[in-house]
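Below you'll find the structure, written out as structure tokens, and then a few comments.
Numbering (the numbering used here), first residue to last: 148 to 474.
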């Protein structure tokens, strides 16, 4: 399998897209062509207008950012276990909710209270249809890795910031305990137990991970250059097969056979639903949840595991680039 495209609940309003960031540019290309059935502008332009109004810093980004996938639908097995790139697409924001998985989740309810004219359902079919057709007919699979690398960079920075925050909060609590601040400020007429002292937070070396991320960015850039220099129709069928086999394996290269701690079924090192957050996503979950749960050995381990995952992905991209350059 090359890509899994998922649609679950959908309604009326703005197109929402989550998924593998190697597909971010691809889905933006389609969103810039399909029109919103009410506003008569492209789906991408309508989303961008809302982001501008809300002051979202990504409003002027060339490609609108798609959200990372947690869980909650059939894409889970593909992206989180098998390492198959996935997209989850639907419309919402202007229709009611609350009927999902209930006795009211019916054709009649959808017609009366959601997309009664079926215009957004039809638009969703146009989006998914274009995606499937372009995937099936592409000489070279439409994975683009600059977007993927940029998003992974934001995940790394977010985890570095979390590590700093955890360390600062730990020092603050322990300092207040040393000063007996919790006891002094408590009402003496009430029973009050101060919080427990926290174990010190060690230093975490993100340097190897940052270096691997830089290598991934370089690999992605080199692939873009090699791809853009290819003349249409210049590749033999055998070359296309070789390149596409490498491209489809990039996401799988970022999985780990042993999976995540306490849930080895979840193998993707970049995204996972949180252990305690249900459907909610955690990015670089081995690192992030190690920090959140104060399991420092796991944090150290998964900084290394994510580093190796990025290097495996870079190796696949580099191999595809070398084939294109040699052609």
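Think of the CB as a built atom: it goes at the ideal place given N, C-alpha and C, for glycine as much as any other residue.
- Distances from the CA of residue 160 to each of 399, 168, 236 were compared; the closest alpha carbon is that of 236.
- Ranked by Cα distance from residue 398, the options 180, 230, 225 are led by 230.
- Contact annotation: residue 152 and residue 275 have beta-carbon atoms nearer than 8 Å.
- Comparing alpha-carbon positions, the option among 255, 389, 411, 416 lying closest to residue 400 turns out to be 416.
- DSSP places residue 202 in the coil class of the three-state scheme, outside both helix and strand.
- Contact annotation: the region 308 to 317 does not touch the region 358 to 367, with fewer than three C-beta pairs closer than 8 Å.
- In this structure residue 183 is buried. Its beta-carbon is surrounded by 16 or more other beta-carbon atoms within 10 angstroms.
- Pairing residue 255 with residue 266, the inter-Cα distance amounts to about 16 Å.
- Per DSSP, residue 426 is not a residue of any alpha helix (DSSP H), being assigned neither H nor E.
- Taking C-beta separations shorter than 8 Å and ignoring five residues to either side along the sequence, the partners of residue 155 in its chain run 219, 220, 221, 235, 237, following chain order.
- Under the three-state reduction of DSSP output, residue 295 falls in the helix class.
- For residue 289, no alpha helix (DSSP H) encloses it, and the DSSP letter there is neither H nor E.
- For the pair residue 293 and residue 458, the Cα-to-Cα distance works out to about 15 Å.
- If you draw a straight line from the Cα of residue 387 to the Cα of residue 174, it comes to about 22 Å.
- Around residue 177, the same chain offers 274, 277, 278, 281 as residues with beta carbons nearer than 8 Å, after the five sequence neighbours per side are excluded.
- Per DSSP, residue 148 lies in no beta strand (DSSP E) segment and is marked neither H nor E.
- When DSSP states are grouped into helix, strand and coil, residue 420 belongs to the strand group.
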